[in-house]
Amino acid sequence: MAQKMFRIFCVFFASLCAAFSASAKTIKADIIVYGGTSAGVVAAVQAAREGKSVVLVAPEPHLGAMSSAGLGFTDSGKTATIGGASKEFYHRIWLEYAKPESWKFGKKRENFRAAGQGTKSMDDENQLTWIFEPSVAERVYENWLAEYKIPVYKNTYLDRSKKGVRKDKGKIVSFKSLKGDVFVGKVFIDATFEGDLMAAAGCSYTIGREPNSQYRETCNGSRLGKLSGHRHHFQKQVDPYVIKGDPKSGVLKHVSTEKVAPAGEGD
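Positions 184 to 450 (my numbering) are the ones given, in order, by the sequence shown.
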């Protein structure tokens, strides 16, 4: 009985492997971009504009990362510093909000007066919009890629095992996804937040902030209170304890009791 069950299992496993192999694909392009972030989308678009074949592989189900996940109140205090494809993104946002159907929640465009960090939301003179909804940002990215007919593979994670990335003389020539698809390219762009592809390819990396002394700089390492220069600290005293004023009650969730490194030191 045990031998029979084992044979049945072997047949089932072999069939499963055969089905998996049959569904796996090999995708080739001049440039393979890994990461569905804003940078990933823009890199893919720019590659297509320069006449290269390009594929965007996104672990995420949604494109745009922070821009399409809620960071629509953009840090845009000095908008004159924003140019290139980034500026084009904000122009495309402006075009989306020029459409009446984009206003779904009662507020009309002419009555919208929200402002960012010293910047008005709608710059009609330059046709730029700095504050936007996540869904609008995602639509802009999707349409941008479709405009250049760039293939996008969402929910496609890199196989980070030793066999996931193949190199030739130190250069990446292909990587495999957890689905079994193989992406072959001449150039690979890692547009993830954490550098997943580079790490899987064996690139060295560090974690944490280096001290000022390492590169003879002045703004690295620990930044305490007003030293940050941007008021990135509590302006008033905040009680950190579970029971207000009682250290014995322990601290609130996500509050650390570790000693903060001196200003400018690495952590």
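Ideal Cβ placement from N, Cα and C applies to all residues, glycine included. Just so it is clear, the structure is predicted and the values come from calculations on it, not from any experiment.
- Relative to Val237, the option among Pro394, Gly368, Thr339 whose CA is nearest is Gly368.
- No residue range can be given for Tyr331, since it is assigned to no alpha helix (DSSP H) and is classified by DSSP as neither H nor E.
- Judged by DSSP secondary structure, Ser357 falls outside any alpha helix (DSSP H) and instead within the beta strand (DSSP E) spanning 354-359.
- Residues of the same chain with a CB within less than 6 angstroms of the CB of Ser285, apart from the 5 flanking positions on each side, are Glu279 in chain order.
- Secondary structure at Ile314: strand, using DSSP grouped into helix, strand and coil.
- Within the model, the alpha-carbon separation for Val443 versus Pro317 is close to 35 angstroms.
- When beta bridges are read from the DSSP output, Ala212 appears opposite Gly368.
- Residue pairing from DSSP places Val237 in a beta bridge opposite Ile214.
- According to the DSSP assignment, Gly253 belongs to no beta strand (DSSP E), since it is labelled neither H nor E.
- Residue range 424-426 is occupied by the beta strand (DSSP E) that includes Tyr424, with no alpha helix (DSSP H) assigned at that position.
- The beta carbon of Ala382 is closer than 7 angstroms to those of Tyr388 in its chain, skipping five residues each way along the sequence.
- Per DSSP, Val228 is one residue of the alpha helix (DSSP H) stretching across 221-232.
- Going by beta carbons, Glu377 and Gly449 fall outside the 8 angstroms limit.
- Its Cα nearest to that of Gly347, the residue Lys359 stands out among Lys359, Gly353, Leu246.
- In the three-state DSSP reduction, Arg392 falls in the coil class, being neither helix nor strand.
- The alpha-carbon separation between Gly404 and Thr220 amounts to approximately 26 angstroms.
- When C-beta atoms of the stretch 228-242 are compared with those of the stretch 324-340, three or more pairs fall below 8 angstroms, so the two segments count as touching.
- In this chain, the beta strand (DSSP E) harbouring Asp429 covers 429-434.
- Under the three-state reduction of DSSP output, Lys270 falls in the helix class.
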